[in-house]
Ligand SMILES: CC(C)(COP(=O)(O)OP(=O)(O)OC[C@H]1O[C@@H](n2cnc3c(N)ncnc32)[C@H](O)[C@@H]1OP(=O)(O)O)[C@@H](O)C(=O)NCCC(=O)NCCS
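In the numbering used here, the protein residues as written are 4 to 181.
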């Protein structure tokens with residue numbers, strides 16, 4: 004499948020907050036239902052606040068951060084007209100770099116959109132320094148995708164398990180000079 008040519012990669016605007024929440028929550032259902040025993044109801048409870056005023060306001064803050072501090076925060080949306088079909092986000096300090104969010108809608112997977120988003124954030128990161136990300140242990144498709152970019156599962160990392168029943172693992176890409 005090739006990438007739909009109508010997909011545009013853009014900086015997020017406050018007006019995109021609801022569309023992002025819809026896409027992200029749908030992707031949670033598509034990706035995690037049944038994984039490590041995660042149920043639809045658990046995902047619903049875990050994500051319901053994304054749609055209320057507080058949740059949308061949090062999202063708008065994340066959208067604004069790259070404008071205020073482009074050296075520290077990254078956030079891009081992939082859109083088809085007003086619909087969000089993917090996003091990538093990250094943050095970096097002098098000490099740490101994290102790929103913090105990476106989701107592509109089911110009907111855009113396997114199209115090359117994920118690689119396009121990944122290439123963009125990888126050129127924003129400092130290649131000489133380590134980058135980390137967190138993934139569900141059984142999210143094989145994501146893990147394989149990240150491995151193609153040089154990330155390796157870090158079995159020694161201590162990871163906060165804040166998404167139980169999902170088991171979260173850390174993946175690390177060493178910097179060129181690390
Ligand atoms: C992870 C994600 C961004 C990867 O994007 P994608 O467009 O699916 O990526 P690709 O099609 O390049 O597939 C990645 C690799 O997964 C593997 N793969 C493909 N389909 C698979 C499947 N059904 N099951 C298991 N592995 C699969 C292949 O190794 C593929 O690499 P290949 O190009 O060598 O065949 C995307 O699947 C996604 O957004 N998933 C849902 C949200 C998510 O899991 N985000 C990550 C959170 S940490």
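Just so you know, even glycine gets a beta-carbon here, dropped at the ideal spot from N, CA and C.
Residue 87 and residue 111 look like a contact to me (Cβ under 8 angstroms); what is the Cβ gap, rounded to whole Å?
Rounded, the Cβ-Cβ distance is 10 angstroms, inconsistent with contact.
Say yes only if the C-beta of residue 145 is nearer than 7 angstroms to one or more non-hydrogen atoms of ligand 1, and no if none qualify.
At least one heavy atom of ligand 1 is nearer than 7 angstroms to the Cβ of residue 145, so yes.
On a Cα-Cα basis, can you pick out the residue from 169, 165 and 151 that is closest to residue 175?
Among 169, 165 and 151, the Cα nearest to that of residue 175 belongs to 151.
In this structure, what does DSSP give as the bridge partners for residue 175?
For residue 175, which the question treats as bridged, DSSP gives the partners 135 and 155.
Nearest by alpha-carbon distance to residue 13: which of 24, 81, 133 and 19 is it?
Among 24, 81, 133 and 19, the Cα nearest to that of residue 13 belongs to 81.
Is it the case that the CB of residue 87 approaches a heavy atom of ligand 1 more closely than 7 angstroms?
Not under cutoff, so the answer is no.
Nearest CA to the CA of residue 64: which residue from 54, 36 and 16?
Minimum Cα distance to residue 64 is reached at 16.
Using alpha carbons as the reference points, say which of 8, 96 and 177 lies closest to residue 133.
The residue with the shortest Cα to Cα distance from residue 133 is 177.
Please report the Cβ distance between residue 120 and residue 38, rounded to the nearest whole angstrom; I am assuming they are in contact, meaning their Cβ atoms lie under 8 angstroms.
Actually they do not touch by this definition, with Cβ atoms about 22 angstroms apart.
Rounded to whole angstroms, how far is the Cβ of residue 104 from the Cβ of residue 127, which I believe are closer than 8 angstroms?
The pair is not a contact, with the Cβ atoms about 14 angstroms apart (cut-off 8 angstroms).
Return the Cβ separation of residue 46 and residue 36 in integer angstroms, given the expectation that the two are a contact with Cβ distance under 8 angstroms.
Indeed, because the Cβ distance is near 7 angstroms, the residues count as touching under 8 angstroms.
Looking only at C-alpha atoms, which of 44, 75 and 106 sits nearest to residue 90?
With distances taken between Cα atoms, residue 90 lies closest to 106.
Alpha carbon to alpha carbon, what distance is there between residue 77 and residue 54?
Looking at the two C-alpha atoms, the distance is approximately 22 angstroms.
Determine which residues share a DSSP beta bridge with residue 101 and list them.
Paired residue(s): 94 and 135.
Ligand 1 heavy atoms versus the CB of residue 107: any closer than 7 angstroms?
Flag set: Cβ of residue 107 near ligand 1.
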